[in-house]
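**Q**
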Amino acid sequence: MLTLPSSDLQRSLRFYRDGLGLPTDGVAAPEHGGHHLLFVLEGGLSLLLFDRTELNRLTPGGAPQAGGAILSYIAENREEVDSTIAAAQAAGGTRVGDVVEESFGYHGHFGDPDGNLWEVVCFNG
1234 MLTLPSSDLQ
1244 RSLRFYRDGL
1254 GLPTDGVAAP
1264 EHGGHHLLFV
1274 LEGGLSLLLF
1284 DRTELNRLTP
1294 GGAPQAGGAI
1304 LSYIAENREE
1314 VDSTIAAAQA
1324 AGGTRVGDVV
1334 EESFGYHGHF
1344 GDPDGNLWEV
1354 VCFNG
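Numbering (this note's numbering), first residue to last: 1234 to 1358.
1) What's the gap between the Cα of residue 1283 and the Cα of residue 1339?
2) What does residue 1238 pair with, by DSSP beta-bridge criteria?
3) Is it right to say residue 1337 is buried, meaning 16 or more other beta carbons lie within 10 angstroms of its own, or is it exposed?
4) Can you tell me where the beta strand (DSSP E) with residue 1305 in it begins and where it stops?
5) What is the DSSP secondary structure of residue 1258, counted as helix, strand or coil?
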């Protein structure tokens, strides 16, 4: 599971579910904590967006600041790299730099509404 802080769970819901198409049941009900948004992805991976204020309370030293890591998504092809970054922008994300061809493949970056940096890459071969 990958946990990211969110300053606005409804905004994160619109970005990740509506904009990027990730599957979720929505913000957890109050009897289940109510402070998080869970996306169950392929291969046993889950993405948990947790209310930043509550995560600060629960985490020694507070929640990490955005930008402390690059989260990478491996796309099937160049078109998926382009369409994923376009979907992120349309949903309120920020394109970071250009999409470029490198010796290892084709890749680009976007920031989510909380400033978490994502890379979308299609490897050669």
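Cβ coordinates follow ideal geometry from the N, Cα and C atoms, glycine included.
**A** On the basis of the supplied data:
1) 31 Å
2) Paired residue(s): 1283.
3) exposed
4) 1303-1307
5) strand
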